[in-house]
Amino acid sequence: MPVLDPSPQGELDSGKWSGASKLVFSVDIGTMQSAVSFVYLENGKAPEIKHVMGWPGEHPARAKTLSAMYYDKIGNPCAYGINTQNASVKEKAKVEQWTLVHSFKRYIHRLGTSAEISDDADVQALPNNVSETKLYADWLKFLFNHAKQIVSRELAHFSDSTNTEVVFTVPNGWYTQEQAILSNAAVEARIVRKPSAVKFVPETEAAVHWALEQGDLKPKAGTDFIVCDSGGSTTDIAMYKVISVSPLKLCEKEGNPSRCIEAGSALIDEDFNDMIGDHLNNEGLRDVEILEAKQKIAGQFQLAKNQFDGSNLQSTYSIPLTGAVSGGGEKHIPVSRENMIKWFDDVIDTIIAGIDDVLRNNKPQFLLLRGDFGYSPYFQKRLRAHFKRMKLIPASEQNVKAAAAGALVWFQKRSVVSRAARFAYGVEVNVPYDPTDREHVYRAQGGRLTASGNLKHGWGVLVPYGKVLEDDEECTKDYELILPRADAPMVFEFTVYLTEGAEPKKWLCDRSGNVEDDFREVCTVKADLSGQRNNLRKYGSSGGQYYFPFEIALDFGSTSLEACVLWKEGDKMHRGQGEIIPSDFV
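Quick note: the sequence shown uses full-length UniProt numbering, first residue 1, plus one each step.
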């Protein structure tokens with residue numbers, strides 16, 4: 001079992017990097033746009049964050065690219081980014097029956113929320129031979145083929161052997177399983193050599209770090225403020241308290257974890273596309289022609305949506321018709337101010353409800369608004385009208401994705417020092433049988449007691465919902481590996497589950513062992529104790545069984561779950577690496 005090196009990776013000391021030199025990329029793959037930033041952390045020097053620009057087909061000074069790819073019929077990527085909107089590419093895609101894939105984030109997000117992707121939704125089923133991991137690996141290859149060209153021009157000493165790490169910005173609701181898809185994709189794309197070189201930062205933390213770095217936010221000690229990061233399909237909301245200013249330390253509040261809700265500007269696009277589809281269904285167009293028509297006017301609507309402030313009276317969209325029934329010509333489809341307001345309000349009302357839920361009885365002074373949807377003038381107007389006692393601080397620079405840039409500031413400073421658990425985490429435990437408890441009697445029927453007279457399938461909480469954990473804070477649990485003989489395999493495994501909400505629960509499974517609907521399997525924790533065979537203890541003087549006492553420490557306080565094994569040799573406590581095996585989504 002590998003023993004852990006407790007030394008830190010490095011930190012800023014008087015504005016200079018004190019750790020080993022390394023190149024760090026940050027990646028923000030949004031529903032609508034993607035971005036990459038980077039920083040070379042050189043020992044003894046002040047870091048400078050830079051943004052990858054000049055994406056293929058984009059303006060040379062643009063720091064974002066469209067999150068979209070075409071796949072051919074056998075699952076090979078054929079076109080990327082803004083080039084998917086090129087007329088010649090679209091024509092070739094039509095002839096060769098390519099599939100346009102966009103809104104990458106929603107494919108992963110819906111795995112965790114158990115949402116289905118219907119055939120007629122804007123988020124269509126993935127093409128043949130394309131999994132979520134392959135989708136992200138293909139996109140990362142495109143992003144980094146360009147990013148590495150930029151870095152090689154900026155850093156003369158850069159090469160594939162340069163010590164490299166990657167930080168992904170992810171929705172606050174993503175954890176071990178979602179993160180595993182991204183880290184595996186990064187390895188498959190050959191960006192990093194192993195998953196441990198990938199780090200993750202919640203979008204609200206990345207946003208607040210960049211706002212502080214840019215001077216948009218200058219809170220005083222004791223100040224509470226809310227961050228709302230709203231993009232294409234997800235909105236992340238978190239409340240932070242400023243513990244101290246120098247050094248800067250922020251924390252989430254007890255019982256008030258961050259929220260991640262499915263709401264963003266892409267849902268407005270869906271409403272618009274539904275209306276266009278309704279208008280065109282009676283024009284004799286085939287489904288593929290309707291899809292093509294939607295794609296042709298998508299850019300027009302994006303411009304109108306981004307500029308909408310509630311005062312626009314009406315927009316008209318002209319669509320060329322080629323269907324047999326229509327006989328050609330154009331279809332002019334008006335979109336009224338009332339339609340736009342309804343589509344916007346449906347999304348914004350959901351976000352406001354989420355912010356209200358985080359507010360509760362607190363009185364934050366600021367509302368920091370970030371994310372691509374945060375630039376919407378109508379969205380800002382609604383927030384100012386609803387939250388009159390909070391000062392709204394919108395983003396000032398649209399070209400840079402704050403999440404990508406902020407992730408690199410987070411990597412260096414780690415100003416958020418504690419977080420509230422978004423779920424309750426726990427394991428299956430045995431429960432002492434109580435013959436006077438009717439529920440116990442029912443669950444014990446049919447010989448369901450263990451050999452020691454306990455009930456199986458109890459819920460053992462490791463971390464309660466909303467509990468504030470310091471960064472790197474571990475939860476430890478005692479275990480005992482029992483072996484029938486001294487040469488038996490020394491591997492110990494158990495499963496971690498999560499459940500939403502603060503409502504106390506008693507049972508993980510029904511009496512037949514089926515996991516209750518309120519719970520979701522997160523991961524298997526594996527401890528290989530083979531190196532401790534010489535420390536096995538024998539039960540009694542003549543018994544045949546052996547045992548080894550140890551502890552498992554789970555780091556629920558950080559942005560990614562990690563496991564360690566602790567054991568004693570004499571009076572000295574030793575520490576080794578455990579393994580986290582993410583569970584498949586069900």
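We treat Cβ as the ideally placed atom computed from N, Cα and C, and that holds for glycine.
Continuous alpha helix (DSSP H) stretch holding Q300: start and end: D287 to Q307
F158, DSSP secondary structure in three states: coil
Segment contact, 8 Å Cβ cut-off, at least three pairs: the region 412–427 with the region 233–253: yes
Nearest-angstrom Cα separation, counted from E188 out to A79: 19 Å
Same chain, Cβ closer than 7 Å to D472, neighbours up to 5 away in sequence not counted: D555, G557 and S558
Boundaries of the beta strand (DSSP E) in which D236 is found, first to last residue: T235 to V245
Start and end residues, beta strand (DSSP E) containing Y80: P77 to Y80
Contact under 9 Å by Cβ, F550 with E480: yes
Beta-carbon proximity check, H440 vs V431, cutoff 9 Å: yes
Alpha-carbon spacing of V347 relative to L267, whole angstroms: 7 Å
Beta strand (DSSP E) runs wholly inside the region 313–354, at least 3 long, in chain order: 314–320 and 330–336
Residue 588 and F373 closer than 9 Å at C-beta: In this structure the chain extends from 1 to 586, so residue 588 is not present and cannot be described.
For N256, the residue or residues it bridges with in DSSP: K253
Cutoff 7 Å; reference P320; Cβ partners in own chain excluding five residues on either side: E330
Three-state secondary structure (DSSP) of D584: coil
Distance between V166 and A147 (C-alpha atoms, nearest Å): 12 Å
Buried versus exposed call for N273 [16 or more other C-beta atoms within 10 Å across all chains shown]: buried
Any beta strand (DSSP E) of 3 or more consecutive residues that is wholly inside the region 450–520: 454–463, 468–470, 474–483 and 491–499
Close Cβ partners of Q314 (< 8 Å) along its chain, the five nearest in sequence each way excluded: P334, V335, S336 and R337
Alpha-carbon to alpha-carbon, R485 and G453: 25 Å
Buried or exposed by the 16-neighbour rule on C-beta atoms within 10 Å, applied to L285: buried
Other residues of its chain near L132: CB distance less than 6 Å, five sequence neighbours each side excluded: It should be pointed out that residue 132 corresponds to Glu in this sequence rather than to Leu. These residues qualify, in order along the chain: Y107, I108 and I181.
Exposure of M573, with buried meaning 16 or more beta-carbon neighbours within 10 Å: exposed
Pairwise C-alpha distance: R193 and I150: 21 Å
Inter-residue Cα distance where the pair is Q307 and A395: 16 Å
Q532 burial status per 10 Å Cβ neighbour count (16 or more: buried): buried
Given 8 Å, three or more beta-carbon pairs between the region 373–387 and the region 339–355: yes
Which listed residue (P171, T499, V565 and Q85) has its alpha carbon closest to that of residue 603: Outside the modelled stretch of the chain, which goes from 1 to 586, sits residue 603, for which no answer is possible.
Local conformation of A20 per DSSP, three classes: coil
Contiguous beta strand (DSSP E) assignments of at least 3 residues, all confined to the region 48–75: 68–71
For S150, the three-state DSSP class (helix, strand or coil): Contrary to the premise, residue 150 reads as Ile rather than Ser in this sequence. Residue state, collapsed to three classes: helix.
Distance CB(Y425)-CB(V461) smaller than 9 Å: yes
DSSP state of I268 mapped onto helix, strand, coil: helix
Closest by C-alpha distance to F158, when choosing among Y40, L126 and P77: Y40
V325 versus D278: straight-line alpha-carbon distance, rounded: For V325, the predicted structure reports a pLDDT of 49, less than 50, and the residue's modelled location is therefore unreliable. A value from the coordinates is still provided. Those two C-alpha atoms are separated by around 16 Å.
Contact check, S37 vs V400, beta carbons under 9 Å: yes
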